[in-house]
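Here the structure is laid out as structure tokens; the discussion comes afterwards.
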Amino acid sequence: ILGPKYVDDIDILPDGKRMVISRPFFSDVALFDLNSGEMIWKLKLKHRPDHQVMTKDGKSLFVSLLAAKKGVKIDLDKKEVAGYYKTGSRPHSIVLNEDDSKLYNGSLKGNDIVIIDTKTLDELDRLPFPAGVRPFKLSPDESTIYAQLSY
Numbered sequence: 220i221l222g223p224k225y226v227d228d229i230d231i232l233p234d235g236k237r238m239v240i241s242r243p244f245f246s247d248v249a250l251f252d253l254n255s256g257e258m259i260w261k262l263k264l265k266h267r268p269d270h271q272v273m274t275k276d277g278k279s280l281f282v283s284l285l286a287a288k289k290g291v292k293i294d295l296d297k298k299e300v301a302g303y304y305k306t307g308s309r310p311h312s313i314v315l316n317e318d319d320s321k322l323y324n325g326s327l328k329g330n331d332i333v334i335i336d337t338k339t340l341d342e343l344d345r346l347p348f349p350a351g352v353r354p355f356k357l358s359p360d361e362s363t364i365y366a367q368l369s370y
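Counting with our numbering, you get residues 220 to 370 for the letters of the sequence shown.
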């Protein structure tokens, strides 16, 4: 029997002293001090967070909101939601391109990967697949996506 899902994804901030965690059970994202283990802050979300990806500079966090058909951009310095972007049904795996300008968000039931401009949160493209996409990786030149298809 599965219990509550306390942690879905983790990223270590560039300073190496803090980590940010998406926590489905609590419907939030929380930042922790790695030395003390203490929570520094948490940001409550309206929907269950799932997978996440952080920009290389540690300033922005993108999180799939599994039941909401959208994802959220979080400003880690301001500790607030910076905006939302549309995804397919049941957004899941999430990847940034090499320069953090584009976000690729796969969906479990939407059978696609949506490509989002990370600054404007506008949809740039939508790539159809014959089934849900999870997990996946992007080649450095963005010419190839390596994906596991679900369902």
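Where is the CB? At the ideal position from N, CA and C, for every residue including glycine. None of these values were measured; they are calculated from a predicted model.
By the Cβ rule, the region 261-277 counts as touching the region 286-301, because three or more pairs are nearer than 8 Å.
The three-state secondary structure of Pro-243, taken from DSSP, is helix. Residue pairing for Val-248: DSSP places it in a beta bridge opposite Ser-241 and Leu-262. Of the residues assessed, Ser-283 falls on the buried side of the cut-off, its CB having 16 or more other CB atoms within 10 angstroms. Lys-292 is classed as buried because its beta carbon has at least 16 other beta carbons within 10 Å across all chains shown. Distance between Trp-260 and Asp-247, taken at the CA atoms: about 10 Å.
Of the residues Asn-254, Val-239 and Val-226, the one whose Cα lies closest to the Cα of Phe-245 is Val-226. For Asp-296, the secondary structure class from DSSP, reduced to helix, strand or coil, is coil. Here DSSP, grouped into helix, strand and coil, assigns Leu-346 to strand. Taking C-beta atoms as the reference points, Pro-310 and Ser-326 count as a pair closer than 9 Å.
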